[in-house]
Amino acid sequence: MNPLTFTAKNIADAALTTTGCAIVPIFGRGKLPLAAQQLDQASNGAIKAAIKLGDFRGETGEKLMLPGAGASKRILLVGCGVASKFDRGKARQFSTAVYTAINQTRAKDAVAYIAELSIKNGDASWLCHNLAQTLTAASYRYTNTVTKPKAPFKLAKLTVCPGKSISIRSAQRALDTGRYTGLGVNHACELANLPGNVCTPGYLVGQARKLVRDHPTKLKLSVIEEKKMSTLGMGALLSVSAGSAQPAKLIVLNYTGADAKHKPYILVGKGITFDSGGISLKPGAKMDEMKYDMGGAASVFGTLSAISKMELPLNVIGIIAAAENMPGSRATKPGDVVTSMSGKTIEILNTDAEGRLVLCDALTYAERFNPKAVIDIATLTGACVVALGSHATGLYSNQDKLSEQLLEAGIEAHDRAWQMPLWDDYKKQLKTNFADLSNIGGPGGGSITAACFLSSFAEKYPWAHLDIAGTAWTSGPKGATGRPVAMLTQYLMDRAGK
Ligand code: BES
Ligand code: MN
Ligand code: ZN
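So my numbering is basically just the index in the sequence shown, starting at one, shifted up by 92.
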């Protein structure tokens, strides 16, 4: 699906290297890097002339495509600003600029000379990882249900010259992990972009089978059908699929990268393949976007595919609670009381607060695996979008160590979260006369009360909840973002000591 590959290799003379495009980062007012000097000579001074004319000043994100010289068909100058201020943020702008400029050409291969790009708060490994991830993710195109898809990214091979501050082996490893993360992001995007009539709970089961086929030795799949759910007492999950013609599926993907004595990390994804709101029907505007209400599940798929390719030495279990929320004649009604697998009874005051209902039973089910930590990922509340907008994922946790590790991974991967409170004061908002708790907590603090609801089903292990309602999707132009695959993959890489 994505043919772009990356190879780490140092090159002595840029002018003698055959390539579709030589990519040279240049700092403003600095000495030209060696590769640029070599290409400048081969082009009779074209690079220095462009700088002298003021056509290229080396400012952050600035790009100039010059005709080829020597064995190189094109030369791409990318501005990197002031050398002493070159940090991770600037490096991300560099990666994006490379993508944008190359995407305007028909170049099939390129060489990036990044030896002299030293990052203030990062290193060559981080830069390789970021470059590979950014290019891989940026080259994703949605094609599944369009007959005339957008032009693909033509670049198929990027050679990266990392310089002497890193071994070629480490640079290659960083390019690989970056690429695998990017592919994981794309995997999540694709699933979340698919329409609800294609991507049903049953379709997600098919996707899980496919993932297992790609990694048959390390991944195992089991699927819990509705009949088994009733035996297990999953009344909350079943109450969501009750109004739909599509049966719910609980998908359990078991990744074994370490021996059995190591407790697993568990990722639980909300997999509502379409959220109409049920009997508490949503208004019409933007209801189409509720096909991405399985964005949490998509991120579990993306993360599992990334870590499987990396062969991380950990045990990880992905649990996907997949269902469609519809107002059919058997649908759950406001005021109905259901019994969850935990034994707790729930009064459903609003059938549109369905994510917590499928998740609570999945969280109880997770207990049997004796987990090291459980992280659920869910497009859970519109209130989280109001609170944090589209930049930060809402993070809740019952353990400080776990929340710190996730915040840290989010910063490292630039897929950030912001911690929110789980105070008892908010928990009180879920009280009702007719059940142990209700599924909504009144008008204030909607993302928090949703998280509080989940927390009472996650008392037996370290747990974190990621509310990705604002970060998993962007409305203009419409599409999935693949978040928080990068954060989760980084979190697991950190646990594996990579
Ligand atoms: N899937 C929605 C949350 C959502 C809203 C995700 C907007 C992405 C964008 C969730 O199931 C929902 O409907 N939540 C309700 C909860 C309310 C009824 C307490 C909401 O946020 O309005
Ligand atoms: Mn809903
Ligand atoms: Zn929902």
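By construction, the Cβ of each residue, glycine as well, lies at the ideal position given by its N, Cα and C atoms.
Q: Check whether the Cβ atoms of LEU250 and PHE98 sit closer than 8 Å, and answer yes or no.
A: Locating residue 250 in the sequence shown gives position 158, counting from the first residue. Locating residue 98 in the sequence shown gives position 6, counting from the first residue. Yes; because the gap between Cβ atoms is below 8 Å, this pair is in contact.
Q: Provide the residue span of the beta strand (DSSP E) that contains SER164, from first to last.
A: Here the question's residue 164 lines up with position 72 in the sequence shown. 164-171 is the extent of the beta strand (DSSP E) around SER164.
(Q) Are there any heavy atoms of the ligand ZN lying less than 7 Å away from the beta-carbon of ASP367, as far as the coordinates show? (A) Residue numbering aside, residue 367 sits at position 275 when the sequence shown is read from its first letter. Result yes, Cβ under 7 Å from the ligand ZN.
Q. Per DSSP, what kind of secondary structure is GLN511 in: helix, strand or coil?
A. Taking the first residue of the sequence shown as 1, we reach residue 511 at position 419. Correct three-state label for GLN511: strand.
**Q.** Whole alpha helix (DSSP H) elements within the stretch 291-320, 4-residue minimum
**A.** 293-306
(Q) Let me confirm a value: VAL290 is counted as buried when at least 16 other C-beta atoms fall within 10 Å, else exposed. Which label applies? (A) Start at 1 with the first residue of the sequence shown, and residue 290 comes out as number 198. Exposed is the call here.
Q. Would PHE526 be called buried (16 or more neighbouring beta carbons within 10 Å of its own) or exposed?
A. As a first step, residue 526 must be located in the sequence shown, where it is residue number 434. Per the 10 Å Cβ criterion, exposed.
Q: Measure the CB-CB distance between ALA505 and GLN582 and report whether it falls below 8 Å.
A: As a position in the sequence shown, residue 505 is number 413, starting the count at 1. As a position in the sequence shown, residue 582 is number 490, starting the count at 1. In contact: ALA505 and GLN582 (Cβ atoms closer than 8 Å).
Q | Burial state of VAL478, where buried means 16 or more other Cβ atoms lie within 10 Å | A | Taking the sequence shown and counting its residues from 1, one reaches residue 478 at position 386. So VAL478 ends up on the exposed side.
Q: Closer than 7 Å by C-beta to GLY562: which residues in its own chain qualify, once you throw out the five before and the five after it? Chain order, please.
A: The count along the sequence shown starts at 1 and reaches residue 562 at position 470. Hits under 7 Å: CYS476, VAL477, LEU480, GLY481 and SER482.
Q. What is the DSSP secondary structure of GLY361, reduced to helix, strand or coil?
A. Taking the sequence shown and counting its residues from 1, one reaches residue 361 at position 269. GLY361: strand per DSSP, three-state reduction.
Q) Could you give the distance in angstroms between the alpha-carbon of ASN136 and the alpha-carbon of THR109? A) In the sequence shown, the residue the question calls residue 136 occupies position 44. In the sequence shown, the residue the question calls residue 109 occupies position 17. For ASN136 and THR109, the distance between alpha carbons rounds to 17 Å.
Q | Three-state class that DSSP yields for ASN407 in the structure shown | A | Position 315 of the sequence shown, counted from the first residue, corresponds to residue 407. Three-state result, ASN407: strand.
(Q) Which residue wins for smallest C-alpha separation from GLU317, given the options VAL429, PRO293, ALA445 and ARG301? (A) Reading the sequence shown from its first residue, position 225 is the one you call residue 317. When each option's Cα is compared against that of GLU317, the closest is PRO293.
Q) If we ignore side chains and look at the alpha-carbon of each, how far apart do SER333 and VAL277 end up? A) Sequence index remark: in the sequence shown, residue 333 carries index 241 (1-based). Sequence index remark: in the sequence shown, residue 277 carries index 185 (1-based). Approximately 28 Å, taken between the alpha carbons.
**Q.** Option in ARG184, LYS242 and TYR234 with minimal Cα separation from ALA224
**A.** Position 132 of the sequence shown, counting from 1, holds the residue named residue 224. The option with the nearest alpha carbon to ALA224 is ARG184.
**Q.** Alpha-carbon spacing of ALA300 relative to LEU145, whole angstroms
**A.** To locate residue 300, count along the sequence shown from 1; it is residue 208. To locate residue 145, count along the sequence shown from 1; it is residue 53. Distance between the alpha carbons of ALA300 and LEU145 is about 56 Å.
Q: Whole angstroms is fine: what's the gap from LEU330's alpha carbon to ALA445's?
A: Here the question's residue 330 lines up with position 238 in the sequence shown. Here the question's residue 445 lines up with position 353 in the sequence shown. So the two alpha carbons sit approximately 14 Å from each other.
Q) For the ligand BES, is there a heavy atom less than 7 Å away from the beta-carbon of MET382? A) By 1-based counting over the sequence shown, the position of residue 382 is 290. Correct: MET382 has its Cβ closer than 7 Å to the ligand BES.
Q. Cβ of LEU131 within 8 Å of Cβ of SER164?
A. For the purposes of this step, residue 131 is taken as residue 39 along the sequence shown, with counting starting at 1. For the purposes of this step, residue 164 is taken as residue 72 along the sequence shown, with counting starting at 1. The answer is yes: Cβ separation under 8 Å.
Q. Does the beta-carbon distance from ALA114 to ALA106 come in below 8 Å?
A. Here the question's residue 114 lines up with position 22 in the sequence shown. Here the question's residue 106 lines up with position 14 in the sequence shown. In this structure, ALA106 lies closer than 8 Å to ALA114 by Cβ.
Q) Just curious, the beta strand (DSSP E) that ILE438 is in, first and last residue? A) Counting from 1 along the sequence shown, the entry for residue 438 is found at position 346. ILE438 -> beta strand (DSSP E) spans 437-439.
Q: Please confirm whether THR226 and THR188 have their CB atoms less than 8 Å apart.
A: Here the question's residue 226 lines up with position 134 in the sequence shown. Here the question's residue 188 lines up with position 96 in the sequence shown. Yes. Within cutoff.
Q: Within the stretch 152-222, note down every full beta strand (DSSP E) run reaching 3 residues or more, in order along the chain.
A: 155-161, 164-171 and 201-205
Q: May I have the straight-line CA-CA distance separating SER176 from ALA415, to the nearest angstrom?
A: Within the sequence shown, residue 176 is the residue found at index 84, counting from 1. Within the sequence shown, residue 415 is the residue found at index 323, counting from 1. Looking at the two C-alpha atoms, the distance is approximately 52 Å.
Q) Where does the unbroken beta strand (DSSP E) through LYS144 begin, and where does it stop? A) Within the sequence shown, residue 144 is the residue found at index 52, counting from 1. Counting along the chain, LYS144 falls outside any beta strand (DSSP E), though it belongs to the alpha helix (DSSP H) covering 138-144.
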